[in-house]
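Visitor: Chains as they are written, first to last, in the numbering used here: chain P, 1 to 234; chain Z, 1001 to 1234.
Where a beta carbon is used, it is the ideal one built from N, C-alpha and C, also for glycine.
The structure is given below, and queries will be raised subsequently.
Protein chains: 2
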Amino acid sequence: MALPHRLSVLDAGSYIVREGDRADRCCVLLGGFAYRHKVVGSGARQILSIHIGGDIVDLQNSLLGHADHNVQTMTRTEVALIPRQAILDLCARYPAIAHALWVDTLVDASISREWIANIGRRTARQRIAHLFCELALRQESAGLCERPHYTWPMTQEQVGDATGLTSVHVNRVLQGLRADRLISTTKSSVTITNWDDLQEAGDFNRSYLHLPSPRGAREMADHRSWEFSAAKSY
Amino acid sequence: MALPHRLSVLDAGSYIVREGDRADRCCVLLGGFAYRHKVVGSGARQILSIHIGGDIVDLQNSLLGHADHNVQTMTRTEVALIPRQAILDLCARYPAIAHALWVDTLVDASISREWIANIGRRTARQRIAHLFCELALRQESAGLCERPHYTWPMTQEQVGDATGLTSVHVNRVLQGLRADRLISTTKSSVTITNWDDLQEAGDFNRSYLHLPSPRGAREMADHRSWEFSAAKSY
DNA sequence: CGACGTGTTGAAGGAGCTCAATCTAAGTGG
DNA sequence: CCACTTAGATTGAGCTCCTTCAACACGTCG
């Protein structure tokens, strides 16, 4: 909050960044949901990632200079817009923060890789179940929801655009998941009735999210050793 | 070369990193080709990215602490292995290098995003044509090849694993591309007979690669301004 | 109340898959 | 230098998962 920033509330469907934009500010999602997407030549849309409160949605664009994809809100959202230069200065002044932000973008990249595998090599049912697991676990880990109830902001068409399917097929697969009592849905929420089976159905393994876990303690130690080295240098 | 490192020559098919490994060193590809991949529950493999001489193939893993995917050589390669801590120290001492490496991983992430769109929303023919364009352009830009002849280290099965297709279907699509005189292939090379048409066939737009271009001068200026800010802080 | 966004359903078709056989070229050992 | 092996490329036939197109249902909101 000490950084210069501007708070803003956006309606669902607003564009935060458009492909090709020169990125002069960086957007942090304070509440609500947003997603990144690209539009291919045929006009079809591919959703690249989904973002929840707390996510930095376009640090990538800020650092690369111009946006290579769109960022759009999925629900009404509250965002903080931070000038690009403020982020750069912050990173220059506090190497440990730079490191933390770097790691944040690396986790983001890890999620992208999992999505490549998800879309490239899994069945429609697996892809959709996997998406449910990911979003639920991330919300839970961010302290936004509690097992087994989660916010589900996506339309079936958006699920299709995220998984490389059509909305019609998504509808049929969802019926299957409901019939098998893995999930139950309302307008804008999901209940994961059976976590174990849903994970199994989605071939889901949380490790790619790099969330804190029993192994967290060791990673923490690593980071500390890095700060130490940094301190040595000055 | 001033960093501590160990040079090594690896046969085709060697694993550089395995999923789950604790990453204590970072691998730079000096020559040859390598690829990242994941294996999903069904046993199918998805290739996540392809790497050429000069690429840093597992900076991500080094910084995240443990590998979330495999890295394997595609041809005989020469690599330099650098201790993880040496990279961290280097970053702590020279913020501008840290920034450059960060940007390198961001470009990597941008390529992953394009792959998501490629696999999720393009036809088999588009996906494969797109892959040809990407690899050719990256080789050219790295000064490894000259238009219109490129090294092509991939088997048809690997092309399938990269594009989410089967090798049988890749074979048929390749026949189509050859018949349309977009490419011609030998054992381990491609000639792109018609760049314009291949780009068109692959719905390819180079911007996601963030290569130097007419707009490069301006980006350079941005980086310099960042260094200035960094200098100010000390 | 009508319009619109979203979810649901049916029927038909096709892009890409599976399985299995065959072909080719480049080793490899004797 | 040749028989043998093997990895990869090629081909055919049948099938299926998912798409396409089109209609309809339902709730919300101005």
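Buried or exposed for K1187/Z, going by 16 or more other Cβ atoms inside 10 Å?
Guide: Result: exposed.
Visitor: Chain Z beta carbons: is any one of them nearer than 8 Å to that of G77/P?
Guide: A small fix is needed here, since residue 77/P is Thr in this sequence, not Gly. T77/P does not count as touching chain Z.
Visitor: For G176/P, decide whether its Cβ has a neighbour in chain Z, counting only Cβ atoms nearer than 8 Å.
Guide: Chain Z contact via Cβ: absent.
Visitor: DSSP three-state call for R6/P: helix, strand or coil?
Guide: Of the three classes helix, strand and coil, the one that applies to R6/P here is strand, per DSSP.
Visitor: Output yes if chain Z places a C-beta closer than 8 Å to the C-beta of A98/P; else output no.
Guide: Yes - at least one Cβ of chain Z is within 8 Å of the one on A98/P.
Visitor: DSSP beta-bridge partners for V168/P?
Guide: Paired residues: none, contrary to the question.
Visitor: For N171/P, which residues from the same chain have a beta carbon less than 8 Å from its beta carbon, with the 5 sequence-adjacent residues on both sides left out?
Guide: Result list for N171/P: Q156, in chain order.
Visitor: Can you tell me where the beta strand (DSSP E) holding H149/P begins and where it ends?
Guide: H149/P -> beta strand (DSSP E) spans 149-151.
Visitor: Quick one: using the 10 Å Cβ neighbour count with 16 as the cut-off for buried, is G1013/Z buried or exposed?
Guide: Classification of G1013/Z: exposed, given that the 10 Å Cβ count is below 16.
Visitor: According to DSSP, is E1019/Z part of a helix, a strand, or is it coil?
Guide: E1019/Z: coil per DSSP, three-state reduction.
Visitor: Which residue from V1168/Z, T1163/Z, L1059/Z puts its Cα closest to that of A1117/Z?
Guide: Answer by Cα proximity: T1163/Z.
Visitor: Closer than 7 Å: is that where the CB of R76/P sits relative to any heavy atom of the ligand COA?
Guide: With respect to small molecules bound, the structure shown includes none, and the ligand COA cannot be examined in it.
Visitor: Taking C-alpha atoms, which residue in E114/P, I128/P, G32/P lies nearest to Q175/P?
Guide: With distances taken between Cα atoms, Q175/P lies closest to I128/P.
Visitor: Determine the DSSP secondary structure at C133/P, reduced to helix, strand or coil.
Guide: It is helical.
Visitor: Can you find a C-beta in chain Z that's less than 8 Å from the C-beta of A117/P?
Guide: Judged by the 8 Å Cβ criterion, A117/P is in contact with chain Z.
Visitor: Terminal residues of the continuous alpha helix (DSSP H) containing S1110/Z?
Guide: 1095-1121 is the extent of the alpha helix (DSSP H) around S1110/Z.
Visitor: Restricting to Cα atoms, I'd like to know which of M154/P, T185/P, R206/P, D161/P is closest to D74/P.
Guide: The question names Asp, but residue 74/P in the sequence shown is Met. Looking at the Cα atoms, M154/P is the closest of the given residues.
Visitor: Give every residue of the same chain whose Cβ lies closer than 6 Å to the Cβ of V9/P, excluding the five residues on either side of it in the sequence, and list them in chain order.
Guide: These residues qualify, in order along the chain: E78.
Visitor: For A1124/Z, tell me which candidate among R1036/Z, V1168/Z, H1005/Z, G1043/Z has the shortest Cα-Cα distance.
Guide: Answer by Cα proximity: V1168/Z.
Visitor: I'd like the ranges of any alpha helix (DSSP H) spanning at least 4 consecutive residues and lying wholly in the segment 1023-1075 of chain Z.
Guide: Qualifying alpha helix (DSSP H) stretches, in chain order: 1059-1064.
Visitor: Out of curiosity, what's the CA-to-CA distance linking A136/P and R1022/Z?
Guide: Rounded to whole angstroms, A136/P to R1022/Z spans 27 Å at the Cα level.
Visitor: Would you mind reading off the limits of the alpha helix (DSSP H) that contains L198/P?
Guide: Taken as a continuous stretch (DSSP letters only), the alpha helix (DSSP H) holding L198/P covers 195-201.
Visitor: Less than 7 Å between C-beta atoms, sequence neighbours within five positions excluded: which residues of the same chain meet that for H69/P?
Guide: Within the same chain, H69/P has close Cβ partners E19, R36, H37, K38, L48.
Visitor: Excluding five sequence neighbours on each side, which residues of the same chain lie with their C-beta closer than 8 Å to the C-beta of L1182/Z?
Guide: For L1182/Z, where only same-chain residues beyond five positions count, the Cβ hits under 8 Å are A1129, I1192, T1193, N1194, D1197, L1198, A1201.
Visitor: On the criterion of 16 or more Cβ atoms from any shown chain inside 10 Å, does T1105/Z qualify as buried, or is it exposed?
Guide: Buried.
Visitor: Measuring only between beta-carbons, confirm whether Y978/Z sits less than 8 Å from chain P.
Guide: The shown model of chain Z, from 1001 to 1234, leaves out residue 978/Z, and the question about it has no answer.
Visitor: Quick one: what does DSSP say T163/P is sitting in, helix, strand or coil?
Guide: Note: T163/P maps to helix in three-state DSSP.
Visitor: Checking 8 Å against the spacing of the C-beta atoms, do W1152/Z and V1190/Z come in under that value?
Guide: A contact, by the Cβ cut-off of 8 Å.
Visitor: Residues in the segment 36-50 of chain P with C-beta within 7 Å of chain Z's C-beta atoms, listed in sequence order?
Guide: Listed in sequence order: K38, V40, G41, A44, Q46, L48.
Visitor: For a contact meaning CB atoms closer than 8 Å, what does V1103/Z contact in chain P?
Guide: Near V1103/Z (Cβ distances below 8 Å), the residues of chain P are L63, L64.
Visitor: Where does R1177/Z fall in DSSP's three states?
Guide: Before going further, note that residue 1177/Z is Leu rather than Arg in the sequence given. L1177/Z: helix per DSSP, three-state reduction.
Visitor: Flag this pair as yes or no: are the beta carbons of A80/P and C91/P separated by less than 8 Å?
Guide: Not a contact, by the Cβ cut-off of 8 Å.
Visitor: Helix, strand or coil: which one does DSSP assign to S1014/Z?
Guide: In this structure, S1014/Z counts as coil in the three-state DSSP scheme.
Visitor: Excluding the 5 residues preceding and the 5 following S1112/Z in the sequence, name in chain order all residues of the same chain whose CB lies nearer than 8 Å to its CB.
Guide: Hits under 8 Å: L1048, S1049.
Visitor: To the nearest angstrom, report how far apart A1179/Z and T1166/Z are at their CA atoms.
Guide: Those two C-alpha atoms are separated by around 20 Å.
Visitor: Run down chain P in chain order and give the residues with a C-beta less than 7 Å from the C-beta of S1112/Z.
Guide: Near S1112/Z (Cβ distances below 7 Å), the residues of chain P are A109, S112, R113, I116.
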